[in-house]
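Worksheet: the structure to be examined is printed underneath.
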Amino acid sequence: MSAYDARYNASAIETKWQAAWEKAGTFKASRSGDKPKYYVLEMFPYPSGRIHMGHVRNYTMGDVVARHKMATGHNVLHPMGWDAFGMPAENAAMASGIHPQTSTHQQIAAMKEQMKPLGWSLDWSREFATCDPEYYGQQQAMFIDFMDKGLVYRKNAVVNWDPVDMTVLANEQVIDGKGWRSGAQVERRELTQWFFKISDYSEELLAAIDGLDNWPAKVKLMQANWIGKSRGIEIPFQLTAPVGDIADIACYSTRPDTMRGASFVAISSDHPVAKALEAENPDVAAFCASCRKMATNEEAMEKAEKLGFDTGLSVAHPTEPGATLPVWIGNFVLMDYGTGAVFGCPAHDQRDLDFARKYKLPVRNAFYMPGEAVEVGNDALVPAKTETIEFIDHFAGIGAVTSQEAIDTTIDWFEAKDLGTGMVKYRLRDWGLSRQRYWGCPIPVVHCDACGVVPEKKENLPVKLPFDVTFDQPGNPLDRHPTWRDVDCPACGKPAQRETDTMDTFVDSSWYFARFTAPNAATPTNMADAEYWMNVDQYIGGVEHAILHLLYSRFFARAMNICGHLPDSAVEPFDALFTQGMVTHEIYQTRDENERPIYHLPEDVADGKLTATGEAVEIIPSAKMSKSKKNVVDPVHIIKQYGADAARWFVLSDSPPERDVEWTASGAEAAHKHLNRVWLLCDRIAKMPDDAGGDDADLTRAMHKAVQEVTLNIETFAFNKAIANLYEFTGILGKSKASGAAQKLAIRTLAQLMSPYTPHLSEDIWAHQGGTGLIANAPWPVADETLLVQDTVTLPIQINGKRRSEITVPRDMPKEQVEKLALATDAVIRALEGGAPKKIIVVPGRIVNVVL
RNA sequence: GCCCGCGUGGUGGAAUGGUAGACACAAGGGACUUAAAAUCCCUCGGCUGAAAGGCCGUGCCGGUUCGAGUCCGGCCGCGGGCACCA
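In this text, residue positions in the first sequence follow our numbering: the first is 172, and each later residue adds one.
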């Protein structure tokens, strides 16, 4: 049994070193010292009560960065907190009766207990939850500041309304157009809601994307597309007969060049003309009502069958004297974008074509040349994005140009004829932050009959959520609270009522990164701390946040700057961003007597069978881990079985961090085995006399190569490649015949290189090998590049681009000589058959290609 | 539907436009062992060949290039987002 005793005991080692870090305050950040600061942040978790592999992966990545930066002489801030408001706690309260505040705090405690054993280098002294009144009170103070600066306003907006539960539903709670709880057909309803004027910053948020050099290109592109800047023209189409006092319908278009192909005008069911008609025409009213049955999300609207209603109205065609176009109400026209009206050009737009076919509207070629037919046959869709638009010549009397120029020129032409107004529009809409829910940050305003909407006085903040609420019925408990709403008007002192809407949880997560710089400040931030710690040097989180969370945070940083809560230098709060992939797992299911699926946890399945009953399970390909599909692996089991270091090592090995990774139990076991090997190797090397063994050159070169590669791969977020480098170096060290002294240096270096991944094991090896102090505080090794240069290189020889042979030559051999040697190889001689090559390409140090 | 990604052995993946499959996992074979576990060693894209080698091969079709997994165009499949999930 002695072999067993020699195995490394992860849990003992991990507990020991966590206690040592705690005692030394190794990860407590303070604004002092002469080291450069480095702020690394992972997106904080929603306290669901259990950590999952995605958290382990995300926070381990951040930890690798944090520990590496610490070792390279930075003063590191690496905080953690809780995105604690949100629907799940409120839903749970309705189901179980447990108050959200109670359950949230329990879940935070439970998650923290699971996170601590992973040994992340977090400064827990800065921890807060967004549901702490100290946090959301500061958020309320900022809301009032934003009001002062004109960044907040109220307007009507549509919500999903459940007519049975009499409550507003989140998009997630609408399933196939029905309320998830009641099953009732969901309706759209207009409510007066609070908005942030993020659209004032459309241009700035777009322009500043260019400066985000260390953000993934795809995220920048998604944000730019989301903001959606377009140059177009607003053209008033004159009604042939006015509707009330409305004389025209303005259409915004980015493709005025297709005007000659227009065959109808479509307006939103919420357009003033539609509303005017609705009042007098029950058929219009019925159609508009059906449009309002649709869910509010863009996806549902775009995918829904395109329906129209002919109003019988018509408008004059702007460029074809005497011609008119019919006006339809279309369920696909958004009132929120542009003017709520579009002209349809079926020949050049697939959606318009579908609509025209359905309702037998003409399909006219906008780009017809003299002598060509105007009407387009049934299947003659002309591509919408015509590159060369010669029609311009015919249409506007100007030369042929490329597409965007053609459009710009057309806009100028329309403007010159006074037919419309060129303008830039953005797709980005203002941020509706009102939520008709309890478990969120109360909006700190009061409604007074005399004074209107009045912000709460700052000295009365925080406006705390009342604890004595019930969840026995749907809707917002704040609305039915007997006394909480009653308050004196902050302006006139007369009895008034509190706002009962709370804030979108995206508000909470739009500035927590700033709060971490001074979590106890009596103001939202402390300027000295914000100036020192901001920006976040490295932000890490799921790519699912690529648009909303990151865009809102960018807006918030600007708004906070205007209100004096962040310095000018922090308007772009995240210097570098890394978006990680998801952790996935196979799904195991059996079926009940009604063929409905029953899902099973991976821990209950072995060899395709349920361990309990032996029943075979269906295996569904890997998908994002989700509780509902039960394809979740609880990291706690893995950590107990293999140790935190093995879990950390495994989640970062194999898969590149930006890509999804499939969880396999064997992978975690393999990680554990490898760490055990390293531990045994350390033990063996420690027992070697320094002068035992021989030549050190190969080991030394391998060590410096490992230092160079691992460092580069950590710095570029290629954590999987760094692990491959470490495997390789460990293999070389394990077989090395170098001196004891060289091997001891090598294993200490290996421990250092591994320390961001496996900090506990590394500390243990460090101590075992006589390292000074904690490895967490030891300076990162530096590669001696002069040792890495090889004297000779092996060049592949290609014949017509296919590898056929290779030659080994001195690194700096001149091209001509390499060429000569290549031509002398058997493979080339054989291929040439006595003839001469057409061409020889020699890329020094790389390759030789002989072209026949 | 729209926007953005991704697609390489049995599996995860590696590859500044320059030797496709590094490094691992799984599998198979072997050593050690009474045996098993653990550990160590070997093989491991396909076809072909005694071997040397040859041919094919990075989702599909085409293009650029001396040379394409990598760049361009068009498809197919999968994933993320679509403004009240976080």
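Even glycine gets a Cβ: it sits at the ideal position worked out from N, Cα and C.
The stretch 365 to 375 makes no contact with the stretch 383 to 392: fewer than 3 CB pairs, one atom from each, lie closer than 8 Å. For Lys-596, the uninterrupted beta strand (DSSP E) run begins and ends at 592 to 597, by DSSP.
For the pair Gln-607 and Thr-671, the Cα-to-Cα distance works out to about 7 Å. In this structure, Gly-501 places its C-beta atom within 7 Å of the C-beta atom of Ala-437. In terms of Cβ geometry, Leu-632 and Ala-312 form a close pair [threshold 7 Å]. Following the DSSP letters along the chain, one finds Thr-963 inside the beta strand (DSSP E) bounded by residues 963 to 970. Cα atoms of Phe-749 and Ile-578: separation of roughly 37 Å, rounded to the nearest angstrom. Ranked by how close their Cα comes to the Cα of Asn-396, the residues Ser-826, Glu-743, Leu-599 and Phe-745 have Leu-599 in first place. Distance from the CA atom of Val-849 to the CA atom of Ser-292, rounded to whole angstroms, is 23 Å. For Arg-975, the enclosing beta strand (DSSP E) has its first and last residue at 973 to 981. Of the candidates Ala-183, Cys-302 and His-239, the residue whose Cα lies closest to the Cα of Gln-272 is Cys-302. Using a C-beta cut-off of 8 Å, the stretch 944 to 962 makes no contact with the stretch 902 to 916, since fewer than three inter-stretch Cβ pairs fall below that distance. Less than 7 Å separates the beta-carbon of Pro-828 from that of Gln-751. For Glu-405 against Gly-591, the beta-carbon gap comes to about 6 Å, under 8 Å, which counts as contact.
In this structure, Leu-966 places its C-beta atom within 7 Å of the C-beta atom of Val-1019. In the assembly as shown, Val-513 is a buried residue. Its beta-carbon has 16 or more other beta-carbons within 10 Å. For Asp-708, same chain residues with a beta-carbon under 7 Å away, outside a window of 5 residues either side, are Tyr-209, Tyr-210, Val-211, Asp-746 and Ala-747 in chain order. With fewer than 16 other CB atoms across the displayed protein chains lying within 10 angstroms of its CB, Val-960 is exposed.
The beta strand (DSSP E) runs lying completely inside the stretch 696 to 721 and spanning 3 residues or more are 709 to 713, given in chain order.
Looking at the backbone, the Cα of His-720 and that of Phe-677 are separated by about 6 Å.
Between Trp-253 and Ile-279, the C-beta gap is smaller than 7 Å, which places the two residues in contact. Residue Met-925 holds the alpha-carbon nearest to the alpha-carbon of Thr-901 among Lys-391, Met-925, Glu-627 and Phe-585. Assignment of alpha helix (DSSP H) within the stretch 271 to 358, counting only whole runs of 4 or more residues, yields 271 to 286 and 304 to 319 in chain order. For Gly-483 and Glu-470, the gap between their C-alpha atoms comes out near 30 Å.
A residue is called buried once 16 or more other Cβ atoms fall within 10 Å of its Cβ, and Lys-588, having fewer, is exposed. For Asp-481, DSSP records a beta bridge to Trp-499. Per the coordinates, the alpha-carbon of Arg-872 lies some 37 Å from the alpha-carbon of Met-224.
Shown here, Trp-850 sits in a helix according to DSSP, grouped into three states. Counted as a single uninterrupted DSSP element, the alpha helix (DSSP H) harbouring Gln-988 occupies residues 986 to 994. In the DSSP annotation of this structure, the continuous segment of the alpha helix (DSSP H) that includes Lys-529 starts and ends at 521 to 529. Annotation for Arg-238: the continuous alpha helix (DSSP H) segment containing it runs 224 to 242. Only residues of its own chain outside the window of five on either side were considered, and among them Leu-599, Asp-601, Trp-602 and Phe-726 have a CB closer than 7 Å to the CB of Ile-369, listed in chain order. The distance from the Cβ of Leu-362 to that of Asn-327 is about 7 Å, consistent with a contact at the 8 Å cut-off. With contacts defined as CB atoms closer than 7 Å, Pro-626 and Val-634 fail to qualify as a contacting pair.
Assigned with DSSP and collapsed to three states, Thr-755 falls in strand. Annotation: the continuous beta strand (DSSP E) that includes Ile-1018 extends over 1018 to 1022.
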